[in-house]
Amino acid sequence: MVDWDWIFGHLDDIGEALSEHLLLTGLAVGVGFALSFAAALVIHRRRALYGPITAFAGIVYTIPSLALLAFLVPLTGLSVLTAEIALVSYTLLILIRNIMAGLDSVPPEMREAADGMGYTQWQRLWRVEFPLALPVIVAGLRVATVTTIGLVTVTALIGQGGLGGLMIRGFIRQFDTLIYVGAVLSVLLAIIADLALLLVQRAITPWTRMRTG
Amino acid sequence: MTSGNRDGGGTGRGKGGATVEFRNVTKRYDQGQKGPGAVNDLSFTVPAGKVCVLVGPSGCGKTTSLKMVNRLIEPTSGQILIDGQDVTGEDVTTLRRRIGYVIQQIGLFPHLTIGQNIGVVPRLLGWTQARQLERSEELLATVGLEPARYRDRYPTQLSGGERQRVGVARALAADPPVMLMDEPFGAVDPIVRDRLQNEFLRLQQELAKTILFVTHDIDEAIKMGDLVAVMEVGGVLAQFATPAEILANPASDFVARFVGADRGLKRLSLSRVRDLELRPAVTARSGDPAAEARQRILADSFPYLLLVDPEDRPIGWLDQADVPGEGRLEEARAIPMSPLVEPETTLKDALSMLLDASVQAAIVVDKGRRVLGLVTVDMISAQLHPEARPEVLAPDAAAEAAA
Ligand SMILES: Nc1ncnc2c1ncn2[C@@H]1O[C@H](COP(=O)(O)OP(=O)(O)O)[C@@H](O)[C@H]1O
Ligand SMILES: [Mg+2]
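Respectively, the protein sequence lines represent chains L and Z.
Positions 144 to 356 (my numbering) are the ones given, in order, by the first sequence.
Positions 90 to 492 (my numbering) are the ones given, in order, by the second sequence.
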């Protein structure tokens, strides 16, 4: 069934696919987070934009991934750009919603205390609201990351490699080992990335673990 | 009220407060609305270094009045002056950084340590890290929390009473001349509240800040205020006077009702344990020779000997009949202590503690819990007789209290 000899003989190929996968995911989540954060800041200032912005992100989110790639290829070709446009688009809804939910979860008395002590609007956002929103924001990042890791296997269809690339080669050559390696590694990658982000969240929000002793 | 009402005391001193004047201040949340707003034509002046308590039923506009001082809420009309300067004339963040603020829910930042919470305003003011740290430690000690133990904890790791103290310390951090406190001791149980109030009064004697203090509890108002502003629903000032004046001459039926039928008894809140001549306690340490102690307690009209530890802190009582004629005094035989009161405790609170515990005497202790003397039910009830304190207690009040 699984050809272990082939696996051990091609560890460098597998490693390369894994690192491509990670890179595509990291880039998509990073850019998605930057865009979402900017959108959240705009919404934070002008609440009326929350509806329209999330409606747009929501429509993008509902387009099936294959269909979205099909739309984009005529415009941007079989390129990393095409893959990333699609991947980033899918992260937006999750991330914007979570950043806003995080900011909205800050108790009103925290804002009042901050204002009353003389924080400026920006100081309040960076030093009070954003840190307090971190647990919810990181929860959004975890969902977005796991989702993106899954979607990157699909972007292999436009030739961007990654673990999906291994699987496609397996299908074409009817070589099951490749399919298993791709599938198992992408699941493992998702689990490890999720755990890693959870640990990061714990490390940067030490106060959430403190309870009256 | 006139402008330039600069009460000489305090303003010039490094530690003192500033005069705060409300001049015809009105706030309507609903602009179009015709009737009375949340706050209505409020005028009064708090001299520098005094505590003014805003008291009244829920919804009468206390919080709104307070928040107009640091401009969390802007008045619809009228002015608020600090040391003669209109608060609207200053940049709003600058203004807020020099007014101490304790909000109703304390509002410590959960993601900052206690030390960082206290350092919030100093940091905003650009103090150096070292100076912030030094100030945090100094203030923790001031509010009775050991700096080394508390500095690096998070707010969730503190009890309600400890958080209240940190809230006060945070408001004091930049040594503001004016402090706004919205029900600062509202969220703790009565015994802790009494202690916090006493500590706060002691602190205020040293610091002499100008404090606007909001509460819905008339007893707290009488205890804490140099001046009391009683407010009615609709944001109308019903009376602005000293606590003694409000108890003796309520300006209206509303004030009389709000103060309560037990005005005579409440007047006990105007006097504190330190105003009484304490009864000396006959004390001995455990391990002392019993014979000598027995002689002393038999000579005293109070039939209990108070056992204390080497630092003079109370341990328990020994009935004079149980003090042996020879040997040494034993801690094991001591019966549990009476309530402990402090010099700042009001006579009303002391009386209610005595009645709750069904004992004749409370032990008066200082900050370090060392015994200062005793206060008895008889000593307090003597204060209710008009001839005892004619200047404070009118005959009708004594009759009311007796009824
Ligand atoms: N932000 C607000 N918007 C509209 N009405 C308010 C607002 N804040 C307070 N009020 C109203 O103003 C009145 C006074 O409120 P408040 O100052 O909070 O009273 P208090 O602190 O004495 O309980 C109440 O009737 C309250 O409902
Ligand atoms: Mg209130």
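Beta carbons: idealized from backbone N, C-alpha and C, even for Gly.
From this set, the options, which residue's C-alpha is nearest residue i's C-alpha?
| i | options | result |
| --- | --- | --- |
| Z/TYR118 | Z/LEU292, Z/GLY150, Z/GLY138, Z/VAL140 | Z/GLY150 |
| Z/ILE386 | Z/ASP271, Z/LEU316, Z/GLY414 | Z/GLY414 |
| Z/GLU223 | Z/GLN205, Z/ASP455, Z/LEU357 | Z/GLN205 |
| Z/VAL371 | Z/LEU394, Z/GLU381, Z/VAL209, Z/SER358 | Z/LEU394 |
| Z/GLU419 | Z/ILE203, Z/GLY376, Z/ARG240 | Z/GLY376 |
| Z/PRO399 | Z/GLN384, Z/VAL460, Z/LEU367, Z/LYS456 | Z/VAL460 |
| Z/ASP283 | Z/ASP438, Z/LYS116, Z/GLN449 | Z/ASP438 |
| Z/ARG238 | Z/ILE203, Z/ASP264, Z/GLY208 | Z/ILE203 |
| L/ILE322 | L/GLY305, L/ILE335, L/ASP337 | L/GLY305 |
| L/LEU284 | L/LEU161, L/GLY173, L/GLU159 | L/GLY173 |
| L/GLN185 | L/GLU159, L/LEU275, L/LEU246 | With the sequence shown as reference, residue 185 of chain L is identified as Val, and Gln is not the correct amino acid for it. Nearest option by C-alpha distance: L/LEU246. |
| Z/MET270 | Z/ASP278, Z/ALA258, Z/VAL281 | Z/ALA258 |
| Z/LEU359 | Z/GLU309, Z/ALA327, Z/ARG383 | Z/GLU309 |
| Z/VAL412 | Z/GLU381, Z/GLU431, Z/LEU367 | Z/GLU381 |
| Z/ASN129 | Z/GLU227, Z/ASP241, Z/ILE195, Z/LEU326 | Z/LEU326 |
| Z/PRO432 | Z/GLN286, Z/VAL158, Z/ALA262 | Z/GLN286 |
| L/PRO289 | L/PHE180, L/ASP146, L/LEU167 | Going by the sequence as given, residue 289 of chain L is Val instead of Pro. The residue with the shortest Cα to Cα distance from L/VAL289 is L/LEU167. |
| Z/LEU228 | Z/THR183, Z/GLU163, Z/LEU296 | Z/LEU296 |
| Z/ARG402 | Z/ILE452, Z/ARG187, Z/GLU366, Z/LEU155 | Z/ILE452 |
Residues of chain L with a CB under 9 angstroms from the CB of residue i: which are they?
| i | result |
| --- | --- |
| Z/LEU161 | GLU255, ASP258, GLY259 |
| Z/VAL210 | MET260, GLY261 |
Could you tell me which chain Z residues have their CB closer than 9 angstroms to the CB of residue i, listed as they occur along the chain?
| i | result |
| --- | --- |
| L/LEU275 | PHE198, PRO199, HIS200 |
| L/GLU252 | ILE192, GLN193, GLN194, ILE195, GLY196 |
| L/TYR323 | By Cβ distance, chain Z contributes nothing, its closest Cβ being about 45 angstroms from L/TYR323, past 9 angstroms. |
In whole angstroms, give me the CA-to-CA distance for residue i and residue j.
| i | j | result |
| --- | --- | --- |
| L/ILE292 | L/LEU268 | 31 angstroms |
| Z/PRO136 | Z/ALA230 | 28 angstroms |
| L/ARG190 | L/LEU221 | 38 angstroms |
| L/ILE150 | L/GLN317 | 16 angstroms |
| Z/ARG374 | Z/PRO428 | 19 angstroms |
| Z/GLY533 | L/GLU163 | Any answer about residue 533 of chain Z is impossible in this case: the structure gives chain Z only from 90 up to 492. |
| Z/GLY314 | L/ALA198 | 55 angstroms |
| L/ALA287 | L/THR205 | 15 angstroms |
| Z/THR152 | Z/GLY145 | 11 angstroms |
| Z/PRO273 | Z/ASP180 | 26 angstroms |
| L/ILE237 | L/GLU255 | 29 angstroms |
| Z/PRO199 | L/MET260 | 16 angstroms |
| Z/ILE207 | Z/SER225 | 6 angstroms |
| Z/GLY105 | Z/VAL281 | 27 angstroms |
| Z/ARG185 | Z/ARG363 | 37 angstroms |
| Z/TRP406 | Z/VAL466 | 17 angstroms |
| Z/ASP513 | Z/ALA333 | Shown here, chain Z extends from 90 to 492; a query on residue 513 of chain Z therefore has no answer. |
| Z/GLN472 | Z/LEU197 | 42 angstroms |
| L/ALA336 | L/GLN303 | 21 angstroms |
Three-state secondary structure (DSSP) at residue i?
| i | result |
| --- | --- |
| L/ILE242 | helix |
| Z/GLN328 | strand |
| L/GLU272 | helix |
| Z/ALA345 | helix |
| L/MET144 | coil |
| L/PRO278 | helix |
| Z/GLU227 | helix |
| L/TRP265 | helix |
| Z/VAL397 | strand |
| L/MET260 | helix |
| L/VAL185 | helix |
| Z/ASN206 | helix |
| Z/ASN287 | helix |
| Z/ASN94 | Because the pLDDT of Z/ASN94 is 36, which lies under 50, any placement of that residue in the model is unreliable, and the number read from its coordinates should be weighed accordingly. Of the three classes helix, strand and coil, the one that applies to Z/ASN94 here is coil, per DSSP. |
| Z/THR245 | helix |
| Z/LEU234 | coil |
| Z/TRP216 | coil |
| Z/GLY126 | coil |
Which residues in chain Z sit within 7 angstroms of residue i, going by Cβ to Cβ distance?
| i | result |
| --- | --- |
| L/VAL279 | The contacting residues do not exist; L/VAL279 stays about 13 angstroms from chain Z at best. |
| L/VAL271 | PHE198 |
Residues of chain L with CB closer than 8 angstroms to the CB of residue i, please, in chain order.
| i | result |
| --- | --- |
| Z/LEU213 | MET260, GLY261, TYR262, GLN266 |
At 7 angstroms on the CB atoms, spell out the chain L contacts of residue i, in chain order.
| i | result |
| --- | --- |
| Z/THR182 | GLY261, THR263 |
| Z/ARG385 | Ordered by position in chain L, no residue passes the 7 angstroms Cβ test against Z/ARG385, which lies about 46 angstroms from the chain. |
| Z/ARG185 | GLY259, MET260, GLY261 |
Less than 9 angstroms between CB atoms is the rule here; does residue i satisfy it with respect to chain C?
| i | result |
| --- | --- |
| Z/ARG240 | Absent here is chain C; the protein component of the structure consists of chains L and Z. |
Query - 4 or more residues per run - each alpha helix (DSSP H) lying fully within the region 150–181 of chain Z - result: 151–158
**Report entry** 4 or more residues per run - each alpha helix (DSSP H) lying fully within the region 294–319 of chain Z
**Finding:** 307–313
Requested in this report: Could you tell me which uninterrupted beta strand (DSSP E) segments, each at least 3 residues in length, are contained entirely in the region 414–486 of chain Z, listed from first to last along the chain?
Outcome: 450–454, 460–465
Query raised in the report: In the region 190–257 of chain L, which residue ranges form an unbroken alpha helix (DSSP H) of at least 4 residues, counting only runs that do not cross its ends?
Result: 193–205, 208–219, 223–247
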